[in-house]
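Chains U and Y supply the protein sequences, listed in that same order.
Position one of the first sequence corresponds to residue 1 (this note's numbering), numbered consecutively onward.
Position one of the second sequence corresponds to residue 1 (this note's numbering), numbered consecutively onward.
Every residue gets a Cβ at the ideal spot worked out from N, C-alpha and C, and that includes glycine.
All values reported here derive from a predicted model rather than from experimental measurement.
This report refers to the structure that appears directly beneath it.
Number of protein chains: 2
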Amino acid sequence: MSTERRAPLDRHRVADTALRLLNEVGLDGLTLRAIAKELDVKAPALYWHFKDKQALLDEMASEMYRRMLTGTEPDPADTWQERLLKANRGLRTALLGYRDGARVFSGTRFTGIDHAPALEANLRLLTDAGFTLAQAVDAGRTANSFTIGFVIEEQGMRPLHGDGEVRERVDLGERARRMAGFPLAAAAGELLFDDYDRQFEEGLAVVVAGIGTRYGTG
Amino acid sequence: MSTERRAPLDRHRVADTALRLLNEVGLDGLTLRAIAKELDVKAPALYWHFKDKQALLDEMASEMYRRMLTGTEPDPADTWQERLLKANRGLRTALLGYRDGARVFSGTRFTGIDHAPALEANLRLLTDAGFTLAQAVDAGRTANSFTIGFVIEEQGMRPLHGDGEVRERVDLGERARRMAGFPLAAAAGELLFDDYDRQFEEGLAVVVAGIGTRYGTG
DNA sequence: CGACGCCACTTAACAATGTTAAGGAGATTT
DNA sequence: AAATCTCCTTAACATTGTTAAGTGGCGTCG
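Laid out in C-alpha cells, this is it:
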C-alpha cells in the first residue's frame with residue numbers, strides 16, 4: 001500500500017539533494033522543478049522552506065562549507081604556513097567537488113556561524129605567530145581571493161560534466177593558430193591549460209611566501 | 001519625417017550599448033529585450049549578430065578588456081614588479097567600472113586576439129627579467145587569479161547600483177552579534193568589509209613579493 | 001467526540017526569459 | 001526586371017522563478 005507517508009522535508013535535506021543534483025545537471029540545469037522532482041514534491045513546496053531560490057543557494061553554499069570543515073580538523077600544532085596551505089587546499093578541493101562549485105560558492109553569503117570557529121582558530125594561530133589582527137585578516141583574504149579566483153577560472157575552463165567526466169573547453173590548436181605572431185603567448189597556451197594542480201600549488205606557495213616576506217614572519 | 005533609416009547594427013555597437021545598460025540594470029536585469037529596446041530594435045534582431053546570449057556576453061567581456069588596454073599603454077621601461085602592479089590594478093579598475101563586471105568577465109572566454117599583444121609584452125618583460133616562460137605564466141596567472149577572486153568578492157559585498165551609488169550588503173552590527181564568542185572573528189568584521197582599495201593593494205603587494213621570493217628575481 | 005487550527009503540501013496560474021520559425025522590406029547583384 | 005542577400009519584424013514556444021488559493025492530515029482544546 002502507498003499509505004507510507006514521506007517524512008516532511010527540511011532545509012538540510014533540500015540542500016543535500018540540490019547539491020547532489022548540481023553535479024548531474026550543473027548550475028544552469030538546477031531548476032526548482034528538477035530539485036522538487038528529486039524530492040518527490042512539486043516546485044512550490046520548496047517555498048515553504050526557503051524564501052526564494054537564492055536562499056536555497058545560500059544554504060547549499062553553507063553546506064559545502066560545512067562538509068569542507070568536517071574533512072579538516074585543524075591541527076593546533078600547525079605552523080601558520082601549514083594552516084594556510086591546508087585551508088586553501090581544502091577550499092579548492094571542496095569547490096572542485098561540485099560542478100560550478102566556485103560559482104555557487106562565490107555568489108552567496110553565509111547566514112549561519114558554522115564558519116566562525118575555524119575562522120577564529122586560524123586568526124588565533126596567525127596572531128600567536130606574530131601577525132597583527134589586521135595582517136592576519138589581510139593574509140587570509142589574499143589567499144582566499146587567490147583560491148576562489150583560481151578555481152573559478154579552472155572550472156570555467158574544464159567544466160565537470162554529469163558523468164564525472166572532464167571536458168576541455170579550449171581548442172589548443174586553434175588558439176595556437178590565432179596566436180601566430182605572438183610566440184611567447186602561443187607557447188604559453190600549453191602551460192596555461194595543463195596541470196591545474198601544479199599551477200594551484202605554485203600560486204599558493206607564492207602567496208604564502210609573499211605573506212612571510214611582507215609581514216616579516218617567514 | 002521618419003524616413004531616417006537607422007544605421008544597421010553591428011556586434012560592436014550592440015556590445016557597447018549592452019555594457020552601458022549593464023551599469024543601470026545589473027547582470028540579472030540585462031535581458032535581450034531590454035538591450036534590444038535600447039537599440040530601437042526587437043529582441044530577435046540580436047540573433048542576426050550573435051549566435052546566442054553567451055556570445056554577446058563574450059563580446060562584452062572582450063570589449064571591457066579592450067577598453068582596459070587602451071587606458072594603459074605598457075611602458076617598456078617598467079620593472080616586472082611595476083608591470084604586474086599596473087596590469088592588475090588596471091584589471092580591477094576595469095572590472096569595478098561595470099556592475100557585476102567580475103561576474104561577466106570571469107564567465108566568458110576571449111574569442112579574438114586583442115589580448116595577445118599585451119600578453120606577449122608582459123611575458124617578454126618577465127622572461128627578459130630572468131623568469132622562465134613557465135614561471136612567467138605561473139606568476140601572471142597567480143596575480144590574475146587573486147585579482148579576479150578579490151573583485152568578485154568585492155562586488156558581491158558592495159554591489160554598484162544603478163545610480164552609481166554603493167550599498168553595503170552586510171550588516172556589521174548583526175554580524176558582530178552572531179560572532180559573539182569568537183572575539184577575533186568578530187573584530188575581523190570591521191577589517192574585512194572596509195577599505196577595499198587598501199586591502200587590494202596589500203594583497204597585490206603580497207603576491208608580487210611572493211613572486212620575487214619564490215622565483216629569486218626580487 | 002468534534003471543531004478548530006496549523007503544518008506541509010498541491011493545483012493553477014502568471015509574467016518574464018531565451019530562443020526559433022517564418023516572413024518581409026529594401027538594397028544589391030545578375 | 002528578376003533574383004539574391006541583408007537585416008529586421010511578428011508570432012510563437014517551452015521553460016523559468018514565483019504567487020495565490022486551496023486541501024488533507026494531525027494535534028489540541030472545548
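For alanine 15 of chain U and alanine 118 of chain U, what's the separation of their Cα atoms in angstroms? Indexing the first sequence from 1 puts residue 15 of chain U at position 15. Indexing the first sequence from 1 puts residue 118 of chain U at position 118. So the two alpha carbons sit approximately 22 Å from each other.
Using a Cβ-Cβ distance cut-off of 8 Å, determine whether glutamate 153 of chain U contacts chain Y. Taking the first sequence and counting its residues from 1, the one referred to as residue 153 of chain U is at position 153. Yes - at least one Cβ of chain Y is within 8 Å of the one on glutamate 153 of chain U.
Could you give the distance in angstroms between the alpha-carbon of methionine 68 of chain Y and the alpha-carbon of alanine 139 of chain Y? Start at 1 with the first residue of the second sequence, and residue 68 of chain Y comes out as number 68. Start at 1 with the first residue of the second sequence, and residue 139 of chain Y comes out as number 139. Cα to Cα, methionine 68 of chain Y sits roughly 20 Å from alanine 139 of chain Y.
Just to make sure I have the definition right: I need the residues of chain Y whose C-beta is within less than 9 Å of the C-beta of aspartate 100 of chain U. Which are they? What you label residue 100 of chain U is simply residue 100 of the first sequence in a count that begins at 1. What aspartate 100 of chain U touches in chain Y: nothing, since even the nearest Cβ is about 10 Å away.
Cβ of valine 206 of chain U within 8 Å of Cβ of leucine 85 of chain U? As a position in the first sequence, residue 206 of chain U is number 206, starting the count at 1. As a position in the first sequence, residue 85 of chain U is number 85, starting the count at 1. Not in contact: valine 206 of chain U and leucine 85 of chain U (Cβ atoms no closer than 8 Å).
Among residues of its own chain, excluding the 5 on either side of asparagine 23 of chain U, which ones have a beta-carbon nearer than 7 Å to its beta-carbon? Counting from 1 along the first sequence, the entry for residue 23 of chain U is found at position 23. Excluding sequence neighbours, asparagine 23 of chain U sits near Tyr98, Arg99.
Using the three-state DSSP reduction, which class does valine 208 of chain U fall into: helix, strand or coil? Taking the first sequence and counting its residues from 1, one reaches residue 208 of chain U at position 208. If DSSP states are grouped into helix, strand and coil, valine 208 of chain U belongs with the helices.
Using the beta-carbon of each residue, which ones in chain Y are nearer than 9 Å to isoleucine 148 of chain U? Along the first sequence, read from residue 1 onward, the residue named residue 148 of chain U stands at position 148. Under the 9 Å cutoff, chain Y gives Ser145, Ile148, Gly149, Phe150, Ile152, Glu153.
Distance between threonine 72 of chain U and phenylalanine 193 of chain Y (C-alpha atoms, nearest Å): For this step, residue 193 of chain Y is matched to residue 193 along the second sequence. For this step, residue 72 of chain U is matched to residue 72 along the first sequence. The straight-line gap from Cα to Cα measures roughly 27 Å.
Straight-line gap, glutamine 199 of chain Y to alanine 121 of chain U (C-alpha atoms, nearest Å): The residue you call residue 199 of chain Y lines up with position 199 of the second sequence. The residue you call residue 121 of chain U lines up with position 121 of the first sequence. Going by the C-alpha atoms only, they are around 22 Å apart.
May I ask you to verify whether the region 100-117 of chain Y touches the region 53-65 of chain Y, counting CB pairs closer than 8 Å and requiring at least 3? yes
Helix, strand or coil, according to DSSP, for leucine 9 of chain Y in the structure here? As a working mapping, residue 9 of chain Y is identified with position 9 in the second sequence. Looking at leucine 9 of chain Y - three-state DSSP - the assignment turns out to be coil, as it is neither helix nor strand.
How close, in whole Å, do the beta carbons of leucine 125 of chain Y and alanine 188 of chain U come, if the pair is a contact with beta carbons under 8 Å? Looking up residue 125 of chain Y in the second sequence gives position 125. Looking up residue 188 of chain U in the first sequence gives position 188. So it is not a contact: roughly 13 Å between Cβ atoms.
Check whether the Cβ of alanine 137 of chain U lies closer than 8 Å to any Cβ atom in chain Y. The residue labelled residue 137 of chain U in the question sits at position 137 within the first sequence. Residue identity differs from the one stated: residue 137 of chain U is valine in this sequence, not alanine. With 8 Å as the cut-off, valine 137 of chain U counts as an interface residue toward chain Y.
Measure the beta-carbon distance from glycine 101 of chain U to glutamine 54 of chain U and round it to whole angstroms, keeping in mind my assumption that it falls under 8 Å. Here residue 101 of chain U corresponds to residue number 101 of the first sequence, with the count starting at 1. Here residue 54 of chain U corresponds to residue number 54 of the first sequence, with the count starting at 1. With a Cβ gap of about 17 Å, glycine 101 of chain U and glutamine 54 of chain U do not count as contacting.
Assumed close pair serine 145 of chain Y, glycine 210 of chain U - CB separation to whole angstroms, cut-off 8 Å: Here residue 145 of chain Y refers to the residue found at position 145 of the second sequence. Here residue 210 of chain U refers to the residue found at position 210 of the first sequence. Actually they are not in contact, since the Cβ atoms of serine 145 of chain Y and glycine 210 of chain U sit about 14 Å apart, beyond 8 Å.
Report the neighbours of alanine 268 of chain Y on chain U: residues whose CB is nearer than 8 Å to its CB, in chain order. The displayed coordinates of chain Y run from 1 to 218. Any statement about residue 268 of chain Y would go beyond what the structure contains.
Leaving out five residues on either side along the sequence, give the residues of the same chain with a beta carbon under 8 Å from the beta carbon of leucine 30 of chain Y. Within the second sequence, numbered from 1, the residue matching residue 30 of chain Y stands at position 30. Cβ neighbours of leucine 30 of chain Y beyond the five flanking positions: Ala18, Leu21, Leu22.
DSSP three-state assignment for valine 170 of chain U, whether helix, strand or coil: Locating residue 170 of chain U in the first sequence gives position 170, counting from the first residue. Note: valine 170 of chain U maps to coil in three-state DSSP.
Is the CB of glutamate 202 of chain Y under 8 Å away from at least one CB in chain U? Looking up residue 202 of chain Y in the second sequence gives position 202. Judged by the 8 Å Cβ criterion, glutamate 202 of chain Y is in contact with chain U.
So what's leucine 160 of chain Y in DSSP terms, helix, strand or just coil? The sequence position of residue 160 of chain Y within the second sequence is 160, counting from 1. In the structure shown, leucine 160 of chain Y sits in a strand (DSSP, three-state: E or B).
Determine the contact status of arginine 241 of chain Y and valine 166 of chain Y, defining contact as a CB-CB distance below 8 Å. The requested residue 241 of chain Y does not occur in the structure, where chain Y is confined to residues 1 to 218.
Rounded separation between tryptophan 80 of chain U and glutamate 153 of chain U - CA only: Stepping through the first sequence from its first residue, residue 80 of chain U is reached at position 80. Stepping through the first sequence from its first residue, residue 153 of chain U is reached at position 153. Straight-line Cα distance between these residues: approximately 27 Å.
Figure out for me which residue from U:Ala45, U:Lys42, U:Ala7, U:Tyr215 has the closest Cα to the Cα of phenylalanine 131 of chain U. One-based indexing of the first sequence puts residue 131 of chain U at position 131. Phenylalanine 131 of chain U has its Cα closest to that of U:Tyr215, out of U:Ala45, U:Lys42, U:Ala7, U:Tyr215.
List the residues of chain Y whose Cβ lies closer than 7 Å to the Cβ of threonine 79 of chain U, in chain order. Sequence index remark: in the first sequence, residue 79 of chain U carries index 79 (1-based). Under the 7 Å cutoff, chain Y gives no residues; its nearest Cβ is about 17 Å from threonine 79 of chain U.
Would you identify the three-state DSSP class for proline 76 of chain U, choosing helix, strand or coil? Position 76 of the first sequence, counted from the first residue, corresponds to residue 76 of chain U. The answer is coil: DSSP assigns proline 76 of chain U none of H, G, I, E or B.
For chain Y, find out if any of its Cβ atoms is closer than 8 Å to the Cβ of threonine 142 of chain U; answer yes or no. Reading the first sequence from its first residue, position 142 is the one you call residue 142 of chain U. Answer yes: the Cβ-Cβ gap between threonine 142 of chain U and chain Y drops below 8 Å somewhere.
When Y:Ala134, Y:Gly203, Y:Asp114 are compared against phenylalanine 182 of chain U, the one with the closest alpha-carbon: Position 182 of the first sequence, counted from the first residue, corresponds to residue 182 of chain U. Nearest option by C-alpha distance: Y:Asp114.
Fully enclosed by the region 30-54 of chain Y, which alpha helix (DSSP H) runs are 4 residues long or longer? 32-38, 46-49
List the residues of chain Y that leucine 133 of chain U touches, going by C-beta distances under 8 Å, in chain order. Taking the first sequence and counting its residues from 1, the one referred to as residue 133 of chain U is at position 133. Those within 8 Å of leucine 133 of chain U in chain Y are Leu184, Ala187, Ala188, Leu191.
Taking all protein chains shown into account, decide if threonine 70 of chain U is buried (16 or more other Cβ within 10 angstroms of its Cβ) or exposed. Within the first sequence, residue 70 of chain U is the residue found at index 70, counting from 1. Burial call: exposed.
For threonine 111 of chain U, collect the residues of the same chain with a Cβ closer than 7 Å to its Cβ; drop the 5 residues on either side in sequence, then sort them by chain order. Position 111 of the first sequence holds residue 111 of chain U. Within the same chain, threonine 111 of chain U has close Cβ partners Asp58, Ser62.
Compare the C-beta of arginine 158 of chain Y against all C-beta atoms of chain U and say whether one is closer than 8 Å. Mapped onto the second sequence, residue 158 of chain Y falls at position 158. It does not: the Cβ of arginine 158 of chain Y has no partner Cβ on chain U nearer than 8 Å.
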